[in-house]
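One structure below.
4 protein chains.
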Amino acid sequence: MPSTTAKTPDVSRRSERSRKAILRASMELVGEVGYTKLTIEAIAARAGVGKQTIYRWWPSKAAVLLDAFTEVVRSEDYQAGIPDTGDIEADLKTVLRATADEFSDAAFEAPYRALAVASAADAELAEQFVRRLQEPGLEVYIARLRAGQQAGQIDPDLDLRLATEVLLGPFQQRWLNRSGPLTHEFADRLVEMALRAFAPRA
Amino acid sequence: MPSTTAKTPDVSRRSERSRKAILRASMELVGEVGYTKLTIEAIAARAGVGKQTIYRWWPSKAAVLLDAFTEVVRSEDYQAGIPDTGDIEADLKTVLRATADEFSDAAFEAPYRALAVASAADAELAEQFVRRLQEPGLEVYIARLRAGQQAGQIDPDLDLRLATEVLLGPFQQRWLNRSGPLTHEFADRLVEMALRAFAPRA
Amino acid sequence: MPSTTAKTPDVSRRSERSRKAILRASMELVGEVGYTKLTIEAIAARAGVGKQTIYRWWPSKAAVLLDAFTEVVRSEDYQAGIPDTGDIEADLKTVLRATADEFSDAAFEAPYRALAVASAADAELAEQFVRRLQEPGLEVYIARLRAGQQAGQIDPDLDLRLATEVLLGPFQQRWLNRSGPLTHEFADRLVEMALRAFAPRA
Amino acid sequence: MPSTTAKTPDVSRRSERSRKAILRASMELVGEVGYTKLTIEAIAARAGVGKQTIYRWWPSKAAVLLDAFTEVVRSEDYQAGIPDTGDIEADLKTVLRATADEFSDAAFEAPYRALAVASAADAELAEQFVRRLQEPGLEVYIARLRAGQQAGQIDPDLDLRLATEVLLGPFQQRWLNRSGPLTHEFADRLVEMALRAFAPRA
DNA sequence: GTGTAAACGAGACGGTACGTCCTGTCTTTAT
DNA sequence: ATAAAGACAGGACGTACCGTCTCGTTTACAC
């Protein structure tokens, strides 16, 4: 029976108090100084924790931040899902407008961009970033689109996965590249164009 | 009046040999060690150049890399534009498939991702990145779509700018997030879905 | 009356097995890595003992080593005393030559030097070091010199304490400073010179 | 022609200001906190210097301290030599009493003990310590003893090197081990006993 | 041609943060 | 209650780079 203990620390002995303090300090600091100037030393100092306690449990500052952000966002969003008023265009616009607003809020934007950037640079982190933060978001879109299919508003043969990419890809691109403003106007136009692609074939 | 200009170096006395060596060393090193482990000191050492020579002419290592990459890519792509066989779907698929292949080539991918990442993190760099590397790419798409409009294959009222975002956003998203493979299959499906959105209204 | 004694651990419950393992590990390690690189953690690990068990019973790693060394040396030397053949010069040379050999043996030298060094740096340890390891050595010299006085070979008014310092001080100095080799030649010359000082006044 | 440059820093570019500040800070700090608690970081901070500047020029904190101490002591002592009033006993007592006083002065004692301890632990340092600080001291004794030989007060066949060890060894031993007080009384008795050993044979 | 001023290669500098190591304390579980 | 185990806060280690700052040494234009 393997149970490779080796040098992995004992999770049952982990200090919850320290864990919380570290995540909290990370979120505070990334807002104050930005991701590039965020240092493990500063996190440890702010959290009142030894550096080793961070290195023991996380492989990088990005991983810390991912945990911190996940903890905050957990189910806060996503859980509700996308409203279904029967009017899919209105519903998608509502949600995408809200998302645009969220991405315009610095408190949300700073750590989220930090994670997106770190993920783009680090494949291992990316896997976690996508799975823990992006996938859940896609799922609620897929659910709403599926309802749209049943309501006859969406092509029943549509590749829903690809559909969400068409809807959200342009959005993320604008945001990451800062190649344009994330206005309600933009959200509306994007939804309209996407829905033309999603519509049942004549 | 002396017009001191103080600290701006004299471009006419700039050493072309050093400039080339620096750009070359940057491209080599970013391929060997990756962007995060790329250091100014290593570039200077590899290029046989004093550090100050780099600091004199570039504000950051990302800026060096942007110059290096621009030099390589210069007009190599883009200049030709997108072929126009009359079949816009086939033409777009051809180009997007080629792009997918390009982004799968490590020699291209490493520095380009480095720049994309650095741009996502740094607004000032982003402006240059978008203007010098992304915009020219968009333009050729816009040109082809405009031709499609004239040929009656594309909705004449279509917002062509937004259209390119719908076409390329999902592509960039997959690539940056590594959320899926950049296959020809993907390129084809993406073009097909986009064209449904771009088609003239019934 | 409870006689709490609060924080002094209960000696009667002390694990003899752990004590032995710790002393043994200390001696081994000081030989392998030297005193400066000797760590409490390594001793604990080698001894298969918790760190706290060391901290509970010893105030410092030097104290551990002092115990370890004392245990080994205990009475092994000293007990026999210095031989008395009637020829004090020969007797002293014999002993000092033997001492020179002992100090040239790495197995003895490493821990003893470690203790001497630690003692020179730490007054509290020094007191113990001198009392438990050096004084017993001096006593046997004093005893032999006293016999020499009675035999009329040594000045009856000689300060025997100071005499041992004159005999052993130069020896220790050479050894500690490595300012010269501890040869039999050196031992002989030192004894001869000292005895000129110890001789009865004309 | 070898001249192994390799990675040795360029001495001609060395900052004299930094060198002085480092040596000064070392001496201050060793007095304030003692040798064991003396850290390179603290020296760098006090000197207003980067740590690398210390690591670049010295192999260890002991080496820094040796330089610092040497700079202070340089020729201050030793240069004058031992007075020669014709009465060698009085002269030696004068000097040894003065030395006893010096070793009782904390400002001198702290760094000197630090060096002695570090030297006892580190052979490489010891070589320098002996050569730069101890040998010059011995030389002045040898010179005075030689004068004594010419004056007929000292055995012309005496091994002067060994003689200085007999005189100073007991002194250093007492001091390092703290095995007794360094009083004028002690100095006098030691000189008297040594001179009995040094006297011309009857 | 020579003089002078900038750019250059080199690299020392004051710093910051890294990731590792060890200290001495504290907590948990087992004997 | 002591012990083994090991997580913890703290702090120094020695290293790697940062961006700035001299140093001489080219280099190229002005005279």
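Residue numbers (the working numbering), protein chains in the order written: chain A, 933 to 1134; chain B, 933 to 1134; chain C, 933 to 1134; chain D, 933 to 1134.
Even for Gly, the Cβ is constructed at its ideal location relative to N, Cα and C.
Could you name the residues of chain C that residue i contacts, counting a contact when the two beta carbons are closer than 9 Å?
{"i": "ALA1119/D", "result": "None at all; the shortest Cβ gap to chain C is about 11 Å."}
In the DSSP assignment, find the unbroken alpha helix (DSSP H) run with residue i in it and report its ends.
{"i": "TRP1107/A", "result": "1092-1109"}
{"i": "ASP1120/D", "result": "1116-1130"}
{"i": "THR1031/A", "result": "1020-1036"}
{"i": "VAL981/D", "result": "No alpha helix (DSSP H) contains VAL981/D, which DSSP labels as neither H nor E."}
{"i": "ILE1074/C", "result": "1067-1082"}
{"i": "VAL1004/A", "result": "993-1005"}
{"i": "LEU1057/C", "result": "1055-1061"}
{"i": "LEU961/C", "result": "948-965"}
Distance check for residue j and residue i, CA to CA, integer angstroms please.
{"i": "LEU1138/D", "j": "ARG1121/C", "result": "Shown here, chain D extends from 933 to 1134; a query on residue 1138/D therefore has no answer."}
{"i": "ASP966/B", "j": "ALA1042/B", "result": "Note that residue 966/B is Gly in the sequence shown here, rather than Asp. GLY966/B and ALA1042/B: Cα-Cα distance of roughly 7 Å."}
{"i": "ALA1050/C", "j": "ALA976/A", "result": "34 Å"}
{"i": "ARG1063/C", "j": "ALA974/A", "result": "49 Å"}
{"i": "THR937/A", "j": "LEU997/C", "result": "Here THR937/A scores only 35 on pLDDT, less than 50, and its place in the model should not be relied on; the value that follows carries that caveat. Distance between the alpha carbons of THR937/A and LEU997/C: 33 Å."}
{"i": "ALA994/B", "j": "ALA1000/B", "result": "10 Å"}
{"i": "THR1002/A", "j": "ALA1039/D", "result": "58 Å"}
{"i": "PRO1102/A", "j": "GLU1097/B", "result": "5 Å"}
{"i": "THR1026/D", "j": "TYR1044/D", "result": "21 Å"}
{"i": "SER992/C", "j": "PRO991/B", "result": "53 Å"}
{"i": "PHE1118/C", "j": "PHE1035/C", "result": "13 Å"}
{"i": "LEU970/A", "j": "ARG945/C", "result": "51 Å"}
{"i": "ALA1134/C", "j": "ALA1131/D", "result": "12 Å"}
{"i": "GLU960/A", "j": "ALA1095/A", "result": "36 Å"}
{"i": "LEU1077/B", "j": "GLU1021/B", "result": "10 Å"}
{"i": "ALA1055/C", "j": "VAL1123/C", "result": "30 Å"}
{"i": "ARG1106/D", "j": "GLY1112/D", "result": "5 Å"}
{"i": "LEU1028/B", "j": "GLN1104/B", "result": "11 Å"}
{"i": "ILE972/D", "j": "VAL1005/D", "result": "22 Å"}
{"i": "GLY982/D", "j": "GLN1060/D", "result": "26 Å"}
{"i": "LEU955/A", "j": "GLY980/A", "result": "12 Å"}
{"i": "GLN1081/C", "j": "ASP1037/D", "result": "38 Å"}
{"i": "GLU1071/A", "j": "LEU1092/A", "result": "10 Å"}
{"i": "LEU1166/D", "j": "ILE1074/D", "result": "Coverage of chain D is limited to positions 933 through 1134, which leaves residue 1166/D absent and any answer about it impossible."}
Interface residues of chain D around residue i at Cβ under 8 Å?
{"i": "VAL1072/C", "result": "Under the 8 Å cutoff, chain D gives no residues; its nearest Cβ is about 16 Å from VAL1072/C."}
At a CB-CB cut-off below 8 Å, which residues of chain B make contact with residue i?
{"i": "GLN1066/A", "result": "ASN1109 and SER1111"}
{"i": "ARG1045/A", "result": "ALA1052 and ALA1053"}
Name the chain C residues whose beta carbon is nearer than 8 Å to that of residue i?
{"i": "TYR967/D", "result": "ALA1053"}
{"i": "ARG1106/D", "result": "GLU1097 and GLY1101"}
Check the Cβ of residue i against every Cβ in chain B and list those closer than 9 Å, keeping chain order.
{"i": "MET959/A", "result": "The premise fails here: MET959/A is roughly 18 Å from chain B at the closest Cβ pair, so nothing lies under 9 Å."}
Assuming the contact rule is C-beta atoms closer than 8 Å, residue i and residue j should be a hit. Round their C-beta distance to whole Å, please.
{"i": "ALA1053/B", "j": "THR1115/A", "result": "That pair is no contact at about 23 Å."}
{"i": "ARG978/D", "j": "ALA957/D", "result": "4 Å"}
{"i": "ALA1046/C", "j": "ARG1110/D", "result": "So it is not a contact: roughly 18 Å between Cβ atoms."}
{"i": "LEU1108/A", "j": "ALA1048/A", "result": "6 Å"}
Note down, in chain order, every chain A residue with its Cβ under 9 Å from the Cβ of residue i.
{"i": "ASP1091/B", "result": "ARG1121 and MET1125"}
{"i": "LEU1094/B", "result": "PRO1102, PHE1118, ARG1121, LEU1122 and MET1125"}
{"i": "ALA1058/B", "result": "LEU1108, ASN1109, ARG1110 and SER1111"}
List the residues of chain A that residue i touches, going by C-beta distances under 7 Å, in chain order.
{"i": "ALA1134/B", "result": "ALA1134"}
Which residues in chain C sit within 7 Å of residue i, going by Cβ to Cβ distance?
{"i": "ALA1129/D", "result": "MET1125, ALA1126, ARG1128 and ALA1129"}
{"i": "ALA1048/D", "result": "ALA1052"}
Determine the chain A residues that contact residue i at a beta-carbon separation under 8 Å, and present them in chain order.
{"i": "VAL1062/B", "result": "ASN1109, ARG1110 and SER1111"}
(Q) Any contact between the region 1054-1068 of chain D and the region 1113-1129 of chain D? By contact I mean 3 or more CB pairs, one from each, below 8 Å. (A) Not touching, per the Cβ criterion.
**Q.** Three or more C-beta pairs below 8 Å linking the region 937-953 of chain B and the region 1082-1092 of chain B
**A.** Result no; under three Cβ-Cβ pairs closer than 8 Å.
Q. Taking three-plus beta-carbon pairs below 8 Å as touching, is the region 946-956 of chain D in contact with the region 979-996 of chain D?
A. For the pair of segments examined, the region 946-956 of chain D was found to touch the region 979-996 of chain D: the number of CB pairs separated by less than 8 Å reaches three.
Q. Touching or not, the region 957-965 of chain B and the region 1014-1026 of chain B, by the rule of three or more beta carbon pairs under 8 Å?
A. Under the Cβ criterion (8 Å, minimum of three pairs), the region 957-965 of chain B does not count as touching the region 1014-1026 of chain B.
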